[in-house]
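Residue numbers (the UniProt record's numbering): 1 to 291. For reference, the structure discussed in these notes is given below.
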Amino acid sequence: MNLAAIDIGGSSIKFATWEDGRLQKVHALPTPDNLADFYQLLDGEVAKIKAESQVSGVAISSPGAVNKRSGVIEGASALPYIHNFPIVPKLEELFGLPVSIENDANCAALAELAAGAGKNNSSLAFLVIGTGVGGAIIFNRQIWHGAHLYGGEFGYQTTAQAGMTLSQAASPVQMAERYSRESGHEASGKEVYDLAKEGDQLALKERNRSIKALAEAIYNLQHGFDPEKIIIGGAISNNPDLLTLLNEEISRIRQEVGIATVKPELAVCEYRGEANLRGCVYDFEQEHGEK
Numbered sequence: 001m002n003l004a005a006i007d008i009g010g011s012s013i014k015f016a017t018w019e020d021g022r023l024q025k026v027h028a029l030p031t032p033d034n035l036a037d038f039y040q041l042l043d044g045e046v047a048k049i050k051a052e053s054q055v056s057g058v059a060i061s062s063p064g065a066v067n068k069r070s071g072v073i074e075g076a077s078a079l080p081y082i083h084n085f086p087i088v089p090k091l092e093e094l095f096g097l098p099v100s101i102e103n104d105a106n107c108a109a110l111a112e113l114a115a116g117a118g119k120n121n122s123s124l125a126f127l128v129i130g131t132g133v134g135g136a137i138i139f140n141r142q143i144w145h146g147a148h149l150y151g152g153e154f155g156y157q158t159t160a161q162a163g164m165t166l167s168q169a170a171s172p173v174q175m176a177e178r179y180s181r182e183s184g185h186e187a188s189g190k191e192v193y194d195l196a197k198e199g200d201q202l203a204l205k206e207r208n209r210s211i212k213a214l215a216e217a218i219y220n221l222q223h224g225f226d227p228e229k230i231i232i233g234g235a236i237s238n239n240p241d242l243l244t245l246l247n248e249e250i251s252r253i254r255q256e257v258g259i260a261t262v263k264p265e266l267a268v269c270e271y272r273g274e275a276n277l278r279g280c281v282y283d284f285e286q287e288h289g290e291k
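Structural data, given as structure tokens:
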């Protein structure tokens with residue numbers, strides 16, 4: 001099945017052709033600031049893809065909570081003009097092709113399920129850690145959206161740390177903001193991790209706070225959902241010490257609980273820049289049938 005694949009982002013939109021089982025001609029263009037220009041851009045790029053390849057449909061990754069039944073992107077994002085109306089039928093009319101849309105974090109998870117760190121699993125939890133903490137739940141190789149489309153919104157969980165949510169406690173971006181505010185020196189999340197390794201006590205405190213919150217969430221997720229594997233994505237997954245730090249903290253939690261518990265199987269994501277494009281293709285194939 002050949003497809004046009006689109007990854008809608010707040011600042012740029014990626015386009016590609018899925019042909020012969022791989023992404024081709026990947027390119028990005030600036031995201032328009034209004035719906036009319038958005039339609040014009042997508043229509044023009046899909047027309048170019050159709051002229052060069054016999055595509056069967058258009059697969060889209062998008063921010064927001066995608067309601068598969070209504071074809072509406074609910075919730076909110078940096079692109080308010082794509083929300084809260086039936087956008088799927090409008091795009092199908094525009095392109096003259098079937099369209100599937102899925103949330104971007106769910107698409108990243110589907111990429112790992114299809115051919116990445118979760119390719120041999122049927123149940124997964126996927127955590128995307130960046131400015132906040134988001135993710136996806138996969139059960140029987142299908143996205144679990146939840147009754148209110150909040151499946152995988154792990155960042156809203158509360159933690160034991162001064163009333164912080166998981167996003168506030170575990171995000172490397174917010175960790176860096178706390179360090180910068182308290183130390184008086186600007187630092188990125190990566191720099192805080194590096195400073196912690198060098199023995200900086202404030203950096204060590206903030207890194208440990210982040211790891212502790214994330215490990216507690218993973219432990220709770222394992223014992224609430226019991227997935228075969230938990231995959232971690234986002235820039236934090238580039239940290240070579242991440243899994244070691246998490247496994248050490250999870251071992252401490254298990255010892256503290258003191259009864260037989262499951263040790264989560266952790267992995268970092270294999271796909272990064274093109275994950276959403278790959279995942280939306282897999283979503284289209286699930287929704288419309290692979291041909």
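Just so it is clear, CB atoms sit at the ideal spot from N, CA and C, and this is done for glycine as well.
Assigned with DSSP and collapsed to three states, residue 48 falls in helix. Between residue 227 and residue 154, the alpha-carbon positions lie close to 15 Å from each other. Listed in chain order, the alpha helix (DSSP H) elements of length 4 or more contained wholly in the stretch 171-206 are 172-183 and 189-197. Short of 7 Å from the beta carbon of residue 88, and not among the five residues preceding or following it, lie these beta carbons of its own chain, in chain order: 71, 99 and 101.
Judged by beta-carbon spacing, residue 191 lies beyond the 8 Å limit of residue 215, meaning their Cβ atoms are not closer than that value. Taken atom to atom, the span from the alpha-carbon of residue 231 to that of residue 15 is near 26 Å. Residue pairing by DSSP places residue 5 opposite 16 and 59 in a beta bridge. Apart from the 5 residues on each side of it in sequence, residue 65 sits with its Cβ closer than 6 Å to the Cβ of 74, 75 and 149 in its chain, given in chain order. Exclusion of the five residues before and after residue 152 leaves 135, 136 and 137 as the residues of its chain whose Cβ lies within less than 6 Å of its Cβ. With contacts defined as CB atoms closer than 8 Å, residue 10 and residue 79 qualify as a contacting pair. Residue 140 sits in coil when the DSSP states are folded into three classes, being neither helix nor strand. If you look at residue 262, you'll find it isn't in any beta strand (DSSP E); DSSP assigns it neither H nor E.
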